[in-house]
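Under this note's numbering, the first residue of the sequence shown carries the number -11, and numbering increases by one thereafter. Beta carbons: idealized from backbone N, C-alpha and C, even for Gly. Fair warning: this is a prediction, and the values are worked out from it, not measured in the lab. Written out below as structure tokens is the structure these notes cover.
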Amino acid sequence: MHPLPARVKKARRWLVPLLGLLVVALMLYRFEHSQVYHPTRDSEYTPDDVGRPAEDVWLKTADGVRLHAWFFAAEKSSPRAKFVMLFCHGNGGNLTSRPGYYRAILETGVNLLTFDYRGYGRSDGEPSEAGTYTDAEAAYQWLRTRGFAPEHILVWGESLGGGIASHVAATEHVGGLMLQSTFTSIPDIGAEVFPWLPVKLISRIKYDTHSRLPHLKCPVVVMHSRADTTIRFGHGERNFAAAREPKAFVEIGGDHNDALLANRSAYVAGAERLVRLAESAQVRKRESEN
């Protein structure tokens, strides 16, 4: 057997470590993905559990993915029937998992559209950061085709959904943004959970809400609990500090998923605060135009 040429031996010396690094990088990426997204397919509740009929909606994204959504119409007599809340849920479960949140928000008299990201519930595909942004954009555009004016579309982000809702607020004209128990960014969370890893250097999933907030011109409400052990209270404080006026901070109770059990009235008050800030912003705009 002939010995390998020197150039082949040299190539092997750097090729083997490079392939090793690529394998490690792929493993870390898959691990990160599994930590961020926890979709379920099974239905947990129905619109009957919300106490309000819902329209079953199917959305089509710009890249051709079919998404499932529920639309809850406001009471026809509601003075806020022109407003709609675009609800971006958190990283676990699916849209059927959150009837209590929907009930609380609907108490303000607005409409509500909640949708599943790709890979969640009955929606096609697999979740990704870019994909969830595209999904939320499809939901926003559906509301526009239903006749909702941009200033009447309020975007609600629950936990991971805050990273998605803030993207909508940064790329579209909206009337207000709610950040419920939302992190500053995924790398910030990762650095807290895995302090021994260079998370901020290797993270590919960002959802960097904090960096968007100084540039948003719509009203912002931040709701967070001091007892939140999943996304610490400091994330809410830093997000609030980064947001421009008009803004409000509403302290809710309980752990990450227990806001309604711990203090439902604070949760409803937060929803009400967002709608009122949006209404006030519109009044100020009309006055400045006259």
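Taking residue i as the reference, which of the options has the closest Cα?
i	options	result
residue 148	257, 166, 137	166
residue 67	126, 264, 269	264
residue 120	154, 171, 169, 138	154
residue 59	46, 111, 82, 227	46
residue 164	123, 150, 266	266
residue 25	213, 81, 158, 138	81
residue 256	95, 44, 230	95
residue 111	83, 99, 130	83
residue 237	181, 243, 272, 224	224
residue 29	55, 215, 161, 219	55
How many Å lie between residue i and residue j at the Cα?
i	j	result
residue 75	residue 62	15 Å
residue 101	residue 183	38 Å
residue 250	residue 278	45 Å
residue 276	residue 270	10 Å
residue 64	residue 188	48 Å
residue 171	residue 207	18 Å
residue 221	residue 132	34 Å
residue 145	residue 152	7 Å
residue 36	residue 89	14 Å
residue 259	residue 193	28 Å
residue 92	residue 22	30 Å
residue 72	residue 226	27 Å
residue 31	residue 274	44 Å
residue 104	residue 268	31 Å
residue 213	residue 150	15 Å
residue 233	residue 156	18 Å
residue 127	residue 107	15 Å
residue 79	residue 85	11 Å
residue 246	residue 252	9 Å
Put residue i into one of helix, strand or coil per three-state DSSP.
i	result
residue 57	strand
residue 243	coil
residue 27	strand
residue 75	strand
residue 98	coil
residue 182	coil
residue 47	strand
residue 213	strand
residue 37	helix
residue 201	helix
residue 139	helix
residue 109	coil
residue 171	coil
residue 160	coil
residue 52	coil
residue 275	helix
Just confirm the distance between the C-beta atoms of residue i and residue j, as a whole number of angstroms; I'd bet it's less than 8 Å.
i	j	result
residue 140	residue 70	5 Å
residue 196	residue 169	Going by Cβ atoms, the distance from residue 196 to residue 169 rounds to 17 Å, so no, they are not a contact pair.
Quick check on residue i: buried or exposed, where buried means 16 or more other Cβ atoms within 10 Å of its Cβ?
i	result
residue 51	exposed
residue 118	exposed
residue 77	buried
residue 203	exposed
residue 261	buried
residue 44	exposed
residue 272	exposed
Using a Cβ-Cβ distance cut-off of 8 Å, determine whether residue i contacts chain B.
i	result
residue 249	Protein chain content of the structure displayed is limited to a single chain, and chain B is not contained in it.
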